[in-house]
Amino acid sequence: MNIFFVLLKKELKELLTAQLVITIAVTLLVFHVIGKAVGSHNKSSAARNGIVVLDLDRSDLSARLIKAIAGTRTRPSAAPQREIAAAMAAPEYAAENSFMVIPAGLQAAVRAGRTSNIEYYSRFRRQASGLGPAIAASQIRRTQQAAARETAAYLMQLRLPGLDPDFLRDPAPPREFAVINGLTAEVSLSQVIGFIQSQSYFFPIAVFFIVILSAQMIMTAVASEKENKTLETLLSSPLDRRLLVMSKLAAATLIAAALSGAYLLGMRSFMAGVTGLGADPAVAVAAAAPALAALGVALGGPGYLLIGLSVMFCILCALSIAFILGILSEDVKSIQTMMTPLMMPLMLAYLLPIFIDMSTAHFGLKLLLYAIPFTHAFMAPQNVMMGNIAQVWWGILYQAAVFAVCVTISTRLFSGDALLTLRLRLPWMK
Amino acid sequence: MTNALEITGLVKKYKDFEAVAGLDFNVTPGEIFALVGPNGVGKSTTLKMIATILTPTAGSAAVFGLDTIRDAHAVREIISYLPEEAGAYKNLTGREYLDFMAMVFLKDGPRARAAAAEGERLSGLGARLGDKIKTYSKGMARKLLLARAVMIRPRLAILDEPTSGLDIVNAYEIRKTIKALAAGGMTFLISSHNMGEIEFLSGRIGVINKGRMLACDTPAALKARFATEDLEEVFIKLTQ
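Order-wise, the sequence lines are chains V and A. Read in order, the letters of the first sequence correspond to residues 1 to 430 in the working numbering. Read in order, the letters of the second sequence correspond to residues 1001 to 1240 in the working numbering.
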C-alpha cells in the first residue's frame, strides 16, 4: 500500500473513535425525534387554534363573515354567550385562544354607511412558548383580512350591483418584474430573494459545522501526537514530512465531510419535522420556478460544482490554519482556547454578510471580509445565483493561495525545531 | 573503522539558555553507550539532535559518517529513536501499530512484514497484540515501543530512559533484549538515571552535567578512578 494511504488509514483510525460515531448517531436521532415531536405538537396546536365567534348580529352579513372565515383554514365555533367575558370563562372554550365578536347592528350600520367595529380577542397565556402564539397571531391576521374583504364585498354588491367586487377592489392589479444581469422575468423581488435564501438556507450552517469540526480534529490530532511523543518517533523516521502534513489534512477533511453530512441530514430532518413542508425548501417558491430559471438564478450542475470547489478550499484553508495552531498548542487541553484565532474570522465571515449588503459596504469592511478566506465560500451560492462567476473564481484562487502559504508554513514548522520547542500562549490562557 | 557515532563540540541553545554546551564523545559499532546525568542537564536534547529532530546550534553529530544536518534523511534510514515516556496510538491494536511503524520505516514489502513479525516476537505480548493499545499497562506499552524501536534493525538505536517507570520484571526483560541485540551487532545510545541498569548494560558511560561531559569511560575505569565500588558514588562525586 502506498505510504500516504498507510498514514491516512492510521489517521482515520485515530480520529474516528467509537465515542465519536455514537455521539453523531445520537445527535442525528435527537434532531429527528425533536423535529417530529415539535412538528406534531405544532400541527395539533394549529388544528386546535380555531376561533370562537360571538355572533350578536345574527344577520346575512354575519353569516357571510363566518363562512368567509371558514374558507381561511380557520375553524369558527359559534358561541351561545352574549358577553366576551362569559365566553372566555366557559369551560368548553378553555383551550381556545382566539375570539371574535360580531357586534349587534353590524349589517344595519354597514348598510347605513356607518362604521361598526368587529372585535378580536387573543388570549395570551403565561409560559407561552414554541410556535403556538405565532400561529395564533397569523390566524387572527388572516381572519381579519377575510372579514374586511367580505364586508367590503357585501357593501359593493349593495351599492354597485352588477359589478365584480374583486374588480372594484383592485381595478389595476400590479405586475412585478425582476431584472438580473439584463435578464427580465415576471416575478416579484420577494420571490427572488426567497428563492436565493431558500437555496442557501442550510449551506452556511453546514460549512460552519465542517470548518469547526475539522479544525478541532486536526488540532487535536497534532497536539495529541506532540503530547504523546508519537510525533518525535515519526519525525525521526525517513518519512517525507510533507506526507505527514497532507495525510492529517486529508483524514480530517474526510471525517469532517462525513460528519457534517450527518449533521446536515439531521438538520433537514429536524426542519422537515418542524415546518411540515418537507425537506426541500424550494417547494415554497416552486410556482415561480420558470421565471427564476429565465433570470438564470436557478442553480445547475456547474454552479453546484463551483460552490463545492469554494467550500473545499474553505475547508482546506481552515485545516491548514488549524494545523499551525495545533503545532503551536501546548497540549490537547489548550485546543479550545487555541481555536479562538480561527473562530473570530469564521464568525465574522459567517455573520456579517447576513446583515450587511456587501455591494454598498464600506471599503475597509469589504477588505476585511474578503481577506478572510472563509467569506468567499459563504458567499459563493449567492454569487453563483446572481451570475458573479468571476468573483467566485477569484475567491477560489485567493483561498488556494492562502492554503498554499499555510501548508508551506506547516511543512516548515514540521521540518524545524519549532514543532518541539515553540509554544503559543494567548493572553487569556492561564 | 568508522565510528557509529561521533559528536564534536555539540551545542544547543534556546535563546539565552544553553542546554548542551559543547559535547564531545564517540560510540563504536556494536557498543552500548550510556549518557548519565541529573534531570535537565541536556541528555534528551543531545539524543534528539542525534535523532535529527532538533538542529544543533553549533558543532556536529555524525552517525556512521553521515552528518545529522546535511545527511538527515540518510541518517533517519539507519537509526531508530525511542523518546522518554513516549506513547503509542491508543486506538490501534499492538499489531496494527507494529505493522504501521514497519511500513513507515521500511515502506511496504517483505522487509516491513518481516520487521513487524520480529516486533511481535520481541514485544512478547502474544495474544494481547490484538488488543487496543489503550488497554495496555505501562510496562506492556513500553515493551511494544522498544520492540518497535529495534524491530527494523537500525544500525544505531537511540533509547531515552528505556526502562523509566517500569517494574523490576519488565525493566529486566527490556535490558536483556537490549543486551542480546547489542551482542548481535546493533549499536545503542541510551540515557538513564538507573546506575544499576547502566552498569549492567553499558560498555562505556558519559557523565554529563549542565550540558558538558564530565567523564567518559567504562564503569570499571570510572570506579577505579574515584576509588569506589559504587557507580552512584562516582556519579555524585562528578556532579557535585
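Here a beta-carbon is modelled for each residue, glycine too, at the ideal position from N, C-alpha and C.
- With respect to the 8 angstroms criterion, serine 1191/A and alanine 1034/A are classified as neighbours on the basis of their beta carbons.
- According to the DSSP secondary-structure assignment, phenylalanine 1025/A is paired through a beta bridge with Ile1007/A.
- Taken in chain order, the complete alpha helix (DSSP H) segments of 4 residues or longer contained in the stretch 1120 to 1197 of chain A are 1138 to 1151 and 1168 to 1183.
- For the 8 angstroms CB-CB criterion, leucine 1231/A and isoleucine 1208/A do not form a contact.
- Inter-residue distance for asparagine 1039/A and alanine 1224/A is about 25 angstroms (C-alpha atoms, whole angstroms).
- Put simply, of Arg1142/A, Met1186/A, Asn1170/A and Asn1194/A the residue whose alpha carbon is nearest the alpha carbon of asparagine 228/V is Arg1142/A.
- Residue pairing for leucine 1066/A: DSSP places it in a beta bridge opposite Val1063/A.
- Of the candidates Val52/V, Gly71/V and Thr72/V, Val52/V places its Cα closest to the Cα of proline 91/V.
- Within 10 angstroms of the beta-carbon of arginine 1148/A lie 16 or more other beta-carbons, which makes it buried.
- The three-state secondary structure of phenylalanine 1235/A, taken from DSSP, is helix.
- Taking C-beta atoms as the reference points, lysine 1012/A and proline 1056/A count as a pair closer than 8 angstroms.
- Pairing alanine 1112/A with alanine 1102/A gives a Cβ-Cβ distance under 8 angstroms.
- Excluding residues up to 5 positions away in sequence, Arg1095, Leu1098 and Leu1129 lie with their Cβ nearer than 7 angstroms to the Cβ of glutamate 1120/A in the same chain.
- Against chain V, the beta carbon of asparagine 1091/A has neighbours under 7 angstroms at Lys13, Glu14 and Thr17, listed in chain order.
- Straight-line measurement puts the Cα of leucine 168/V at about 27 angstroms from the Cα of aspartate 57/V.
- Within chain V, no residue has its CB atom less than 7 angstroms from the CB of proline 1029/A, the nearest being about 20 angstroms off.
- Annotation: Cβ neighbours of isoleucine 3/V in chain A (cutoff 9 angstroms, chain order): Met1103, Val1104, Lys1107 and Asp1108.
- When the alpha-carbon of methionine 347/V is set against those of Ala390/V, Val101/V, Ala136/V and Thr375/V, the nearest one is in Thr375/V.
- For leucine 316/V, not one C-beta of chain A is nearer than 8 angstroms to its own C-beta.
- The secondary-structure analysis by DSSP pairs asparagine 1209/A across a beta bridge with Arg1212/A.
- Its Cα nearest to that of leucine 1066/A, the residue Asn1003/A stands out among Met1186/A, Asn1003/A, Ile1168/A and Thr1239/A.
- In this model, methionine 339/V and alanine 223/V are separated by some 12 angstroms (Cα to Cα).
- Taking all protein chains in view, the Cβ of glycine 1211/A is crowded by 16 or more other Cβ atoms within 10 Å, so the residue is classified as buried.
- Taking 9 angstroms as the Cβ-Cβ cut-off, the stretch 1193 to 1223 of chain A has no residue approaching chain V.
- Chain A places a beta carbon closer than 8 angstroms to that of asparagine 228/V, counting this residue as a contact.
- Annotation for proline 76/V: the continuous beta strand (DSSP E) segment containing it runs 76 to 78.
- Minimum Cα-Cα distance from asparagine 1194/A among the listed residues Thr1163/A, Ala1182/A and Pro1154/A corresponds to Thr1163/A.
- Taking a cut-off of 8 angstroms on C-beta distances, the stretch 212 to 221 of chain V touches the stretch 307 to 327 of chain V, as three or more cross pairs fall below it.
- By the rule that beta-carbons nearer than 8 angstroms mark a contact, valine 6/V touches chain A.
- When the Cα atoms are used, valine 297/V and glycine 194/V turn out to be separated by approximately 12 angstroms.
- With contact defined as three or more Cβ pairs closer than 8 angstroms, the stretch 1172 to 1189 of chain A and the stretch 1148 to 1157 of chain A are in contact.
- Against isoleucine 1079/A, the close residues of chain V are Ser236, in the order they occur along the chain (beta-carbon pairs closer than 8 angstroms).
- Contact check for glycine 113/V against serine 77/V fails: the beta carbons are separated by 8 angstroms or more.
- DSSP, reduced to helix, strand and coil, places lysine 1013/A within a strand of the structure shown.
- Every unbroken stretch of the alpha helix (DSSP H) spanning 4 or more residues and falling wholly within the stretch 217 to 261 of chain V is given here in chain order: 230 to 235.
- Counting along the chain, the unbroken beta strand (DSSP E) around alanine 178/V starts and ends at 178 to 180.
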